[in-house]
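Each residue of the sequence shown is one higher than the last, beginning at 185 in our numbering.
All residues carry an ideal CB built from backbone N, CA and C; glycine is no exception.
In what follows, a structure is listed as structure tokens, so that the remarks can point back to it.
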Amino acid sequence: MQEPERQILATLPTPLIRLERLGLSLGDAQIWMKRDDLTGLEFSGNKIRKLEYIVADALSRGCDTLVTEGTCQSNHCRATAAVCARLGLKSALLIRPEPSKEILGNHLLDVLFGAQTWFYSSDHFNANREEIVQAVLAELKDAGRKPRWVPMGASEPLGCWGYIRAVTELINQLKDLGITECDVIVPVSSGGTYAGTLLGTHLNRSVDVRLWGVPVSDDIDHHKREITQLCSQTVDEFELPIEPPDLRMQFLEGYVGDGYAIPNAAAIRAIRLLARTEGIILDPVYTGKAFCAVLDGVQDGRLGRDRPVIFIHTGGIFSDFAWPQTLLKNTSLDGE
Ligand SMILES: Cc1ncc(COP(=O)(O)O)c(C=O)c1O
Numbered sequence: 185m186q187e188p189e190r191q192i193l194a195t196l197p198t199p200l201i202r203l204e205r206l207g208l209s210l211g212d213a214q215i216w217m218k219r220d221d222l223t224g225l226e227f228s229g230n231k232i233r234k235l236e237y238i239v240a241d242a243l244s245r246g247c248d249t250l251v252t253e254g255t256c257q258s259n260h261c262r263a264t265a266a267v268c269a270r271l272g273l274k275s276a277l278l279i280r281p282e283p284s285k286e287i288l289g290n291h292l293l294d295v296l297f298g299a300q301t302w303f304y305s306s307d308h309f310n311a312n313r314e315e316i317v318q319a320v321l322a323e324l325k326d327a328g329r330k331p332r333w334v335p336m337g338a339s340e341p342l343g344c345w346g347y348i349r350a351v352t353e354l355i356n357q358l359k360d361l362g363i364t365e366c367d368v369i370v371p372v373s374s375g376g377t378y379a380g381t382l383l384g385t386h387l388n389r390s391v392d393v394r395l396w397g398v399p400v401s402d403d404i405d406h407h408k409r410e411i412t413q414l415c416s417q418t419v420d421e422f423e424l425p426i427e428p429p430d431l432r433m434q435f436l437e438g439y440v441g442d443g444y445a446i447p448n449a450a451a452i453r454a455i456r457l458l459a460r461t462e463g464i465i466l467d468p469v470y471t472g473k474a475f476c477a478v479l480d481g482v483q484d485g486r487l488g489r490d491r492p493v494i495f496i497h498t499g500g501i502f503s504d505f506a507w508p509q510t511l512l513k514n515t516s517l518d519g520e
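Written out as structure tokens, the structure is:
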């Protein structure tokens, strides 16, 4: 097994901190956070760990453009655009649905980073995805560019290495703290973060890590299928000493709400709670929803009692600036 080449971009290791004040307010619970929202300002969040490997691959092939897809508040698109600007590459973003007239949050940054953008309605994009991607790649090649396609969320086998490596980083921090067992919680959407973390925990068992994914976009069956496929491809491609059937996946269900990227009252409550007790900002699409699973688990005694619970804060802060009224609107929150 050999770790693929990596282009260093993120500021690592990210801090692992105990949420003392929140823990105390919840009956002295052991709640910890791995601050992957602090991987670097423009690169903040989980995507940069995956992109470090994908960018190294693109550079080694002489590519000059990274092409990817997402919503107009996609953290992945913004991180890709930032990386390209930093390295003197071009970024090409296939965005759906069309953004509203006001350019906000992550999409504002896409524009500032000089990304080239194509916009589609969600229905049209989903029905014609493959043709659309091929047409954009052909258009770029015709213009003399050498594009490298990056799948949604950078969730491809190479990208999984971002979180395989993050697990080693986390385990070293846990060992320094004398923590020998813990629950680890990550948000799940395109699945690469969970897949890499799952593979990482199988490759390094010196701390007993119980991993839980919190879906924020789709149902469990969908995620199981996608993550199983991604893990198997990664195991095969990099000859990892893991038997895919050994990879048991565990999820905490019930946090998608009305759908992907639709903020809900529970997530807003979690964002406000953490902001006020710890001075840490979650986001309304991923971490706000996933952190609800930590709060529920701590409150009903399943998490953070006999062993620490560690939430991987995967970033997303710029989305807060895309939904200011939503974050302020819900006045029926406890204690306000
Ligand atoms: C802030 C944030 N957290 C979590 C996720 C989910 O990670 P993944 O797509 O690897 O499942 C994403 C991306 O989709 C994200 O942008």
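**Q.** C-alpha distance - His152 paired with Thr301, whole-angstrom precision
**A.** With the chain covering only 185 through 520, there is no way to say anything about residue 152.
(Q) Using a Cβ-Cβ cutoff of less than 7 Å, which residues in the same chain neighbour Leu342 once the five nearest sequence positions on both sides are dropped? (A) Along the sequence shown, read from residue 1 onward, the residue named residue 342 stands at position 158. If you ignore the 5 residues before and after Leu342, its C-beta comes within less than 7 Å of the C-beta of Pro188, Tyr237, Ile238 and Asp241, all in its own chain and listed in chain order.
Q) Any idea what DSSP makes of Asp402, helix, strand or coil? A) The count along the sequence shown starts at 1 and reaches residue 402 at position 218. Three-state result, Asp402: coil.
**Q.** Nearest-angstrom Cα separation, counted from Leu387 out to Leu196
**A.** In the sequence shown, counting from the first residue as 1, residue 196 sits at position 12. In the sequence shown, counting from the first residue as 1, residue 387 sits at position 203. Each residue's Cα considered, the two are about 20 Å apart.
Q | Sequence-distant residues of its chain with Cβ nearer than 8 Å to Pro283 (five each side left out) | A | To locate residue 283, count along the sequence shown from 1; it is residue 99. Setting aside the 5 residues that flank it on each side, Pro283 is surrounded in the same chain by Cys256, His291 and Phe303, each with a C-beta closer than 8 Å to its C-beta; the list follows chain order.
Q.
I want to check one thing, is the minimum distance from the CB of His260 to the heavy atoms of ligand 1 below 7 Å?
A. In the sequence shown, residue 260 corresponds to position 76, counting from 1. In this structure, the C-beta of His260 approaches ligand 1 to less than 7 Å from one of its heavy atoms.
Q. Quick one: Cα of Pro399 to Cα of Pro371, how far?
A. Translated into the one-based positions of the sequence shown, residue 399 becomes position 215. Translated into the one-based positions of the sequence shown, residue 371 becomes position 187. Between Pro399 and Pro371, the C-alpha separation is close to 6 Å.
(Q) Which same chain residues end up closer than 8 Å to Ala265 when comparing Cβ atoms and leaving out the 5 residues on each side of it in sequence? (A) Residue mapping note: residue 265 aligns to position 81 of the sequence shown, counting from 1. If we look at Ala265 and ignore the five residues flanking it on each side, its Cβ neighbours are Ser275, Leu277, Leu293, Asp294, Phe297, Gly298 and Ala299.
**Q.** According to DSSP, residues forming a beta bridge with Gly254
**A.** The sequence position of residue 254 within the sequence shown is 70, counting from 1. The partner list for Gly254 (beta bridge, DSSP) reads Ile279.
Q. With a cut-off of 8 Å, do at least 3 Cβ pairs link the region 451-461 to the region 425-432?
A. They do not touch, by the three-pair rule.
Q) Beta carbon of Pro371: closer than 7 Å to some heavy atom of ligand 1? A) Your numbering for residue 371 matches position 187 in the sequence shown. The answer is yes for Pro371.
Q: Figure out for me which residue from Glu410, Tyr378, Gly499 and Ala350 has the closest Cα to the Cα of Asp221.
A: What you label residue 221 is simply residue 37 of the sequence shown in a count that begins at 1. It is Gly499.
Q. Gly472: beta carbon under 7 Å from a heavy atom of ligand 1?
A. Position 288 of the sequence shown, counted from the first residue, corresponds to residue 472. False, no ligand heavy atom lies under 7 Å from that Cβ.
**Q.** alpha helix (DSSP H) runs wholly inside the region 397-474, at least 4 long, in chain order
**A.** Restricted to the region 397-474, the alpha helix (DSSP H) segments that are unbroken, complete and at least 4 residues in length are 404-422 and 449-462, listed in chain order.
Q: Using 7 Å as the cut-off, classify the Cβ of Thr498 as near or not near the heavy atoms of ligand 1, replying yes or no.
A: For the purposes of this step, residue 498 is identified with residue 314 of the sequence shown, where counting begins at 1. Answer for Thr498: yes, Cβ within range of ligand 1.
Q | Beta-carbon separation (whole angstroms), Ala463 vs Lys234, contact threshold 8 Å | A | For the purposes of this step, residue 463 is identified with residue 279 of the sequence shown, where counting begins at 1. For the purposes of this step, residue 234 is identified with residue 50 of the sequence shown, where counting begins at 1. Checking the sequence, you will find Gly at residue 463 rather than Ala. The Cβ separation is near 28 Å, so there is no contact.
Q.
Among Leu431, Ala449 and Ile279, whose alpha-carbon lies nearest the alpha-carbon of Val320?
A. Numbered from 1 along the sequence shown, position 136 holds the residue referred to as residue 320. For the options Leu431, Ala449 and Ile279, the alpha carbon positioned closest to that of Val320 is the one of Ile279.
Q) Can you tell me the Cα-Cα spacing of Pro199 and Gly362, whole angstroms? A) Translated into positions along the sequence shown, residue 199 becomes position 15. Translated into positions along the sequence shown, residue 362 becomes position 178. The straight-line gap from Cα to Cα measures roughly 16 Å.
Q) Thinking just about the alpha-carbon of each residue, which of Tyr347, Asp405 and Ser374 is nearest to the one in Thr385? A) By 1-based counting over the sequence shown, the position of residue 385 is 201. Restricting attention to Tyr347, Asp405 and Ser374, the CA atom closest to the CA of Thr385 is found in Tyr347.
Q: Count the other C-beta atoms from every protein chain shown that fall within 10 angstroms of the C-beta of Leu208, then say buried if there are 16 or more, exposed otherwise.
A: Taking the first residue of the sequence shown as 1, we reach residue 208 at position 24. Answer is exposed; the Cβ neighbour count stays below 16.
Q) Going straight from the alpha carbon of Asp528 to that of Ile316, what length do you get? A) This structure does not reach residue 528, given that the chain is present from 185 up to 520, and the question cannot be answered.
Q: Could you tell me the distance, in whole angstroms, from the CA atom of Ile201 to the CA atom of Ala350?
A: Working through the sequence shown from its first residue, we reach residue 201 at position 17. Working through the sequence shown from its first residue, we reach residue 350 at position 166. Between the alpha carbons of Ile201 and Ala350 lies a distance of about 15 Å.
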